[in-house]
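J.: As given, the protein sequences belong to chains A and B, one line each in that order. So the first sequence is numbered by this note's numbering: it starts at 33 and just counts up by one. So the second sequence is numbered by this note's numbering: it starts at 33 and just counts up by one.
2 protein chains.
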Amino acid sequence: MATPTPGRVQRAPENFLAPADIAEVAAGRRGFLRAALVAASAGVAATAARASQGDPAILNLPEHTRGLGQPVAARAYGLPSKHEESLQRRESPGLTRVGAASVSFAPLQGFFGIITPNGLHFERHHQGWWDIDPTRHRLMINGLVKEARVYTMDDLMRLPSVSRMHFIECGANTGMEWGNVAVPTVQYTHGMLSCCEFTGVPLSVLLDECGFDKKRGKFVLAEGADGSSMTRTIPLDRALDDVIVAWAMNGEMLRPENGYPLRLVVPGIQGVSWVKWLRRIEVGDKPWGSKDEVLHYVDLMPDGLHRQYTSIQECKSVITTPSGGQQLLQKGFHNVSGIAWSGRGKVKRVDVSFDGGKNWQTARLETPVLTKCLARFNIGWEWKGGPAILQSRAMDDTGYVQPKLRQLREVRGARSIYHNNAIQSWKVAESGEVSNVQV
Amino acid sequence: MATPTPGRVQRAPENFLAPADIAEVAAGRRGFLRAALVAASAGVAATAARASQGDPAILNLPEHTRGLGQPVAARAYGLPSKHEESLQRRESPGLTRVGAASVSFAPLQGFFGIITPNGLHFERHHQGWWDIDPTRHRLMINGLVKEARVYTMDDLMRLPSVSRMHFIECGANTGMEWGNVAVPTVQYTHGMLSCCEFTGVPLSVLLDECGFDKKRGKFVLAEGADGSSMTRTIPLDRALDDVIVAWAMNGEMLRPENGYPLRLVVPGIQGVSWVKWLRRIEVGDKPWGSKDEVLHYVDLMPDGLHRQYTSIQECKSVITTPSGGQQLLQKGFHNVSGIAWSGRGKVKRVDVSFDGGKNWQTARLETPVLTKCLARFNIGWEWKGGPAILQSRAMDDTGYVQPKLRQLREVRGARSIYHNNAIQSWKVAESGEVSNVQV
Chain A
33 MATPTPGRVQ RAPENFLAPA DIAEVAAGRR GFLRAALVAA SAGVAATAAR ASQGDPAILN
93 LPEHTRGLGQ PVAARAYGLP SKHEESLQRR ESPGLTRVGA ASVSFAPLQG FFGIITPNGL
153 HFERHHQGWW DIDPTRHRLM INGLVKEARV YTMDDLMRLP SVSRMHFIEC GANTGMEWGN
213 VAVPTVQYTH GMLSCCEFTG VPLSVLLDEC GFDKKRGKFV LAEGADGSSM TRTIPLDRAL
273 DDVIVAWAMN GEMLRPENGY PLRLVVPGIQ GVSWVKWLRR IEVGDKPWGS KDEVLHYVDL
333 MPDGLHRQYT SIQECKSVIT TPSGGQQLLQ KGFHNVSGIA WSGRGKVKRV DVSFDGGKNW
393 QTARLETPVL TKCLARFNIG WEWKGGPAIL QSRAMDDTGY VQPKLRQLRE VRGARSIYHN
453 NAIQSWKVAE SGEVSNVQV
Chain B
33 MATPTPGRVQ RAPENFLAPA DIAEVAAGRR GFLRAALVAA SAGVAATAAR ASQGDPAILN
93 LPEHTRGLGQ PVAARAYGLP SKHEESLQRR ESPGLTRVGA ASVSFAPLQG FFGIITPNGL
153 HFERHHQGWW DIDPTRHRLM INGLVKEARV YTMDDLMRLP SVSRMHFIEC GANTGMEWGN
213 VAVPTVQYTH GMLSCCEFTG VPLSVLLDEC GFDKKRGKFV LAEGADGSSM TRTIPLDRAL
273 DDVIVAWAMN GEMLRPENGY PLRLVVPGIQ GVSWVKWLRR IEVGDKPWGS KDEVLHYVDL
333 MPDGLHRQYT SIQECKSVIT TPSGGQQLLQ KGFHNVSGIA WSGRGKVKRV DVSFDGGKNW
393 QTARLETPVL TKCLARFNIG WEWKGGPAIL QSRAMDDTGY VQPKLRQLRE VRGARSIYHN
453 NAIQSWKVAE SGEVSNVQV
């Protein structure tokens, strides 16, 4: 790994150290700092005293080193710093006619690690979101079962629960890139993606409890309680595998925008199947072919036909820092960071190229690397100041390798909307400006 | 595991199904639901039409199944449901004289999995919290180094970063229980505990860059920028091991209450060493013995002497559901859930007793189980309606077993404040009421 460039010695912390003081410190003479430490420890009283004597060193201290700050529980539920207010989930203007049937994209360029903060989780609604009263919410299990049942939230939350970390990605994520539209930032290219620790009861527990028909049962239908009556078919073998009827995300109850009080978690499968405000699971013997399966979320192929039920989100990755719209301020060492994921299992390896795919280096994967979950990668890069094209290429434990956009288009054409998992390219100009390019 | 009791068949989802309808469903006749589905799918127009004809079934539909909900990005930064507002971090009234030098406890009774939502992370301030401007914040590395340096946030965030999940626990957590005070809820017994995915640069990278004195350097001092000038000594070997200079928690920048824009992450060590608003790291040849090391966070022993530098948080666990102040509503199956952790490594096993420690059963650990991180455990319990005493006992991968309160008191007496990692007991009365007892 390249050696980090030294941070320039600038004004000292909170500018109460003059360059001469810093020289003192550099020379390892601790006396000065002891004094500074004692002065600081003496706290408000001494500070006030010295300030009253017009001591300039003290008058220069920023307020937060002198006064009493905010008390605990000043905010019973905390919020980000006011200096982070520009980091928001954002709707793409004009993407849809009404905001209640639209998308807000997560600001991946400002994320770290693999956990998505609940307040910045992406949104996709078909008829808007509601804050449903959990005491009135019910889940029905019916169809090919011995005994149809209706559960209250209390009923569900008494059952054996599991907690697992999984990514959720909309099938239309990166959809604009199918054509020649290179949207400017990673928030809009890849922001229909989030990752949480979900807690709930395995769907298999509920199906067992209701005595599902092991002979005739082949599929389940999941139905939402909002006005769009979102319905999705899920093969029974998958439903019995790792699907969760979840009430919690990242340690707390689901957010209203994400299906409070109950949603389906279908690991590795496109987000539309993670039915929000879940009110019903029906066991059946054939796919339902509901409107959101037949008319939407199907891949338009070059021959004009639609390929249905492409539901697994294939292996994919993207560099988030640096990414489109950002600016490299200086030559020298930069930590290049991004995320990788696969709907089929674990990310096995991520390679990064700084020259548009001619040469590749293997990045460092942060641990833990979990199945059907985001993985964070990091790699050091010495930017010499010339133009460069940054790419990341992920591999999963099935051996599948993330394709180039050109390779995808050869098979799928350029008119599709869904399931684009191509390698993303970011161009770095000599000015340090980073932009989205298709190579 | 005991078989879950069936959820009673109650009013159907959103009470638009009459008992007769449910019978239809139970009989597996799908026709009815098809009709209901089609009606719902038809959406607002049809609904309005039928409503205008006074169709009672439609008039009974809750608003969220009929109208347009909130648009995406209605809240650029999302918040919990209004139905969850009672889940707050809370200060213990009268615990300290000013709220700026106090504690707010995390509501563990409402948490799931291992991730603590940033908005509910516990707080401990010594002179209150501030929202420091990151463009003006600096970190100085000085002392026994070749070249003392001052870093801006930009300097730091360009360096190689890591992302790791760790718990943070205040050394005084569960402190009230040393005496005979059994505080009522798990929020107040164990709520000075949280767990996040932290991102930052390893301290070892910064010390290497500044050329620390490998021969004379034995300790580092970490100093905070707030008025309390919090300073803590950390042995150099630990500083070079897994200590992180962190700017992010759970995917986003640190919260102001948690040290924005920079804090120290010292895995496995009591929270007071995780210096917030970090402004300086000094390399030295002996411990500093600063006020928060000599006068506070030291264990008062029965002989009246203080045991200093007890910094590792030993293996510990607690049942969070059910816990003090909660109420079991029905006999039958209950999922019993809790958390376990160890400052020395990974949790190896958690046993649970329902009879005050006479008999123990091994609980299920959710994965991943990570080093110096919370682990979530679950176990099924058939409550027959009689009195019971619930306990959890954790073991870590060093072979250490969480002690009984009596065992701890034999060694440490009852006058200490810090480092109580004893087994917690929750009494379940015949009424189903759960309370804190010391056995």
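Idealized CB from N, CA, C, for every residue including glycine.
1. Between the beta-carbon of residue 145/B and the beta-carbon of residue 283/A, is there less than 7 angstroms?
2. Over what stretch of residues does the beta strand (DSSP E) that includes residue 423/A continue unbroken?
3. For residue 80/B, which residues in the same chain have their Cβ closer than 6 angstroms to its Cβ, ignoring the five residues on either side in sequence?
4. In the structure shown, what three-state DSSP assignment does residue 100/B receive?
5. In chain B, which residues lie less than 7 angstroms from residue 120/A when you measure between Cβ atoms?
6. Indicate whether at least one CB of chain B lies closer than 7 angstroms to the CB of residue 155/A.
7. According to DSSP, what are the bridge partners of residue 109/A?
8. Residues bridged to residue 366/A by DSSP?
9. Report yes if the CB atom of residue 412/A is closer than 7 angstroms to the CB atom of residue 192/B, and no otherwise.
10. Just how far apart, CA to CA, sit residue 68/B and residue 256/A?
11. Which residue wins for smallest C-alpha separation from residue 178/A, given the options 244/A, 401/A and 151/A?
12. Let's test the definition: count the other Cβ atoms within 10 Å of the Cβ of residue 394/B and tell me whether it reaches 16, buried, or not, exposed.
13. Give the straight-line distance between the Cα atoms of residue 263/A and residue 349/A, rounded to the nearest whole angstrom.
14. State the DSSP-derived secondary structure class of residue 322/B, mapped to helix, strand or coil.
15. Can you tell me whether residue 218/B is buried or exposed? The criterion is at least 16 other CB atoms within 10 Å of its CB, across all chains shown.
16. Which partner residues does residue 230/A have in the DSSP bridge list?
17. Just the C-alpha distance for residue 164/B and residue 288/B, rounded to the nearest angstrom, thanks.
18. Of all the residues that make up the stretch 276-299 of chain A, which are near chain C by a beta-carbon distance shorter than 7 angstroms?
19. Could you tell me whether any Cβ in chain B is nearer than 7 angstroms to the Cβ of residue 132/A?
20. With a cut-off of 8 angstroms, do at least 3 Cβ pairs link the stretch 370-390 of chain B to the stretch 308-318 of chain B?
21. Identify, in the order they occur along the chain, each residue of the same chain with its Cβ nearer than 7 angstroms to the Cβ of residue 420/A, setting aside the five sequence neighbours on each side.
22. In terms of residue numbering, what span does the beta strand (DSSP E) encompassing residue 171/B cover?
23. When you compare only the Cα positions, how much space is there between residue 112/A and residue 148/A?
24. Between the Cα of residue 141/B and those of 92/B, 315/B and 223/B, spot the shortest distance and give me the residue it belongs to.
25. State whether the stretch 397-411 of chain A contacts the stretch 433-441 of chain A, with contact taken as three or more CB pairs (one from each stretch) at a distance under 8 angstroms.
26. If you draw a straight line from the alpha carbon of residue 434/A to that of residue 449/A, how long is it in whole angstroms?
27. Check each residue of the stretch 184-216 of chain B: if its Cβ is closer than 7 angstroms to any Cβ of chain A, include it; give the result in chain order.
28. What is the DSSP secondary structure of residue 458/A, reduced to helix, strand or coil?
29. Taking three-plus beta-carbon pairs below 8 angstroms as touching, is the stretch 329-339 of chain B in contact with the stretch 118-134 of chain B?
30. Give the single residue among 429/A, 364/A, 259/A and 465/A whose Cα lies nearest to the Cα of residue 161/A.
31. On the premise that residue 451/B lies in contact with residue 331/B, defined as a C-beta separation below 8 angstroms, what is that separation, rounded to the nearest angstrom?
32. Kindly say whether residue 382/B, judged by its beta-carbon, lies nearer than 7 angstroms to any beta-carbon of chain A.
33. Using beta carbons (cut-off 7 angstroms, strictly below), is residue 258/A in contact with chain B?
34. Could you check whether residue 293/A and residue 189/A sit closer than 7 angstroms to each other, using their CB atoms as the reference points?
35. With a threshold of 7 angstroms between beta carbons, is residue 114/B in contact with chain A?
36. List the residues of chain A whose Cβ lies closer than 8 angstroms to the Cβ of residue 414/B, in chain order.
T.: Reading it off the structure:
1. Residue 145/B is a Cβ neighbour of residue 283/A, given a cutoff of 7 angstroms.
2. For residue 423/A, the enclosing beta strand (DSSP E) stretches over residues 420-428.
3. At residue 80/B, the pLDDT of 48 sits below 50, so the modelled position is not reliable; the number obtained from the coordinates is stated separately. None.
4. Residue state, collapsed to three classes: coil.
5. 108 and 109
6. yes
7. Partner(s): none; residue 109/A has no beta bridge.
8. 413/A
9. yes
10. Note that residue 68/B has pLDDT 41, beneath the 50 cutoff, so the model's placement of it is unreliable and no number is given.
11. 244/A
12. exposed
13. 29 angstroms
14. coil
15. buried
16. 196/A and 281/A
17. Using only the alpha carbons, I get a separation of about 7 angstroms.
18. Judged by its chain identifiers, the structure shown contains no chain C, and its protein chains are A and B.
19. yes
20. No: fewer than three Cβ pairs fall under 8 angstroms.
21. 386, 387 and 460
22. 171-175
23. For residue 112/A and residue 148/A, the distance between alpha carbons rounds to 14 angstroms.
24. Proximity to residue 141/B across 92/B, 315/B and 223/B peaks at 223/B, based on C-alpha coordinates.
25. no
26. So the alpha carbons of these two residues sit roughly 18 angstroms apart.
27. So the list reads 184, 186, 187, 190, 191, 192, 193, 194 and 195, given in the order they occur along the chain.
28. The answer is strand: DSSP assigns residue 458/A an E or B state.
29. no
30. 259/A
31. 6 angstroms
32. no
33. yes
34. no
35. yes
36. The premise fails here: residue 414/B is roughly 11 angstroms from chain A at the closest Cβ pair, so nothing lies under 8 angstroms.
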